[in-house]
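Take a look at the structure set out below.
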Amino acid sequence: MHRRITGKLVIATHNPGKLAEMKELLAPYGIEAVSAGELGLDEPEETGNDFRSNAAIKAIAAARATGFPSFADDSGIVVDALDGAPGIYSARWAGPTKDFNAAMAQIERLLQERGATTPDKRRAHFVSALCVAWPDDHLEEVEARVDGTLAWPPRGTAGFGYDPMFLPDGHSRTFGEMESIEKHGLPPHGLGLSHRARAFVKLAEICLEPR
Ligand code: ITT
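Residue numbering for the sequence shown follows the working numbering, starting at 251 and increasing by one per position.
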């Protein structure tokens, strides 16, 4: 049986870009959201082998530490020509200083080394695994992706992480060039385009009720 989210929800992320998106996605549901950063929670080690298990590790750690239902996202960019890298290591490729310009340049360097210069050889997708964990270890888990190609040089200053090099299919602007409503706004105001928006729609169906 699916469980509904009611009352207070901890958003178990230390990534400000994600936090902003997760708060915007939750806004229409009247949920009181407080972030792991605001609560001073430790970041658990992400020891899972896939997005889903890392999302569960983060959500379970926050639920146990706070006694409240906790919501985590594990996400990343999967590049076909790089055999799926950086994938679950997307945050780690930016290093301790979280330098995503360097991480994007590293992807581009590897693509050039493999001769991936045409759009068909530069396919990639973002994945978002969302998990809500309750203090009794009940879990709700969903996952979604958005497909596209990698642009170079990076374009736009909106969003975060790898957004400036990701061109979603059917669009001529990168996520870095899109307003937040366009990247992750939900119908009727947005298209529910991003991986996180798509995963959130699935989560909302099973766990949330509009106000
Ligand atoms: P938390 O674990 O605290 O949530 P994190 O940044 O470490 O924060 P992840 O382990 O899930 O999160 O790493 C995901 C990385 O993938 C993230 O740091 C971004 O660089 C990238 N990423 C995920 N979603 C993205 C998006 O919508 N746009 C751009 N980059 C994204």
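Glycine included, each C-beta is placed from N, C-alpha and C at the ideal position. Note that the structure is predicted; figures quoted are calculated from it, not measured.
Beta carbon of residue 424, beta carbon of residue 416: below 8 Å? As a working note, residue 424 is residue 174 in the sequence shown. As a working note, residue 416 is residue 166 in the sequence shown. Result yes, Cβ atoms of residue 424 and residue 416 sit closer than 8 Å.
At the level of alpha carbons, what is the spacing between residue 454 and residue 440? Taking the sequence shown and counting its residues from 1, one reaches residue 454 at position 204. Taking the sequence shown and counting its residues from 1, one reaches residue 440 at position 190. Each residue's alpha carbon lies about 16 Å from the other.
Backbone CA spacing between residue 429 and residue 302 [nearest angstrom]: Start at 1 with the first residue of the sequence shown, and residue 429 comes out as number 179. Start at 1 with the first residue of the sequence shown, and residue 302 comes out as number 52. When rounded, the distance between both Cα atoms is 28 Å.
Under the DSSP definition of a beta bridge, which residues are partnered with residue 282? Here residue 282 corresponds to residue number 32 of the sequence shown, with the count starting at 1. Residue 282 pairs with 258.
Hey, is the stretch 287-299 in contact with the stretch 369-378, meaning 3+ C-beta pairs nearer than 8 Å? no
Given the structure, does residue 292 come close to the ligand ITT, in the sense that its CB is under 7 Å from one of the ligand's heavy atoms? Translated into the one-based positions of the sequence shown, residue 292 becomes position 42. Because no heavy atom of the ligand ITT lies under 7 Å away, the Cβ of residue 292 does not count as near it: no.
Using C-beta distances below 7 Å, list every residue in its chain close to residue 401, excluding the 5 sequence neighbours before and after it, in chain order. Residue mapping note: residue 401 aligns to position 151 of the sequence shown, counting from 1. Contacts found: 415, 417 and 424.
Secondary structure, beta strand (DSSP E): runs of 3+ residues fully inside the stretch 294-380: 320-329
Top-ranked residue by Cα proximity to residue 370, from 331, 346 and 312: On the sequence shown, position 120 is the one that residue 370 refers to. The option with the nearest alpha carbon to residue 370 is 331.
Exposed or buried, residue 434, counting other C-beta atoms within 10 Å across all chains shown (16 or more means buried)? To locate residue 434, count along the sequence shown from 1; it is residue 184. Buried: at least 16 other Cβ atoms inside 10 Å.
Pairwise C-alpha distance: residue 384 and residue 309: Numbered from its first residue, the sequence shown carries residue 309 at position 59. Numbered from its first residue, the sequence shown carries residue 384 at position 134. Going by the C-alpha atoms only, they are around 8 Å apart.
Out of 411, 296, 327 and 451, which one is the CA nearest neighbour of residue 399? Position 149 of the sequence shown, counted from the start, is the residue given in the question as residue 399. The option with the nearest alpha carbon to residue 399 is 327.
Quick one: is the Cβ of residue 264 within less than 7 Å of any heavy atom of the ligand ITT? In the sequence shown, the residue the question calls residue 264 occupies position 14. Answer for residue 264: yes, Cβ within range of the ligand ITT.
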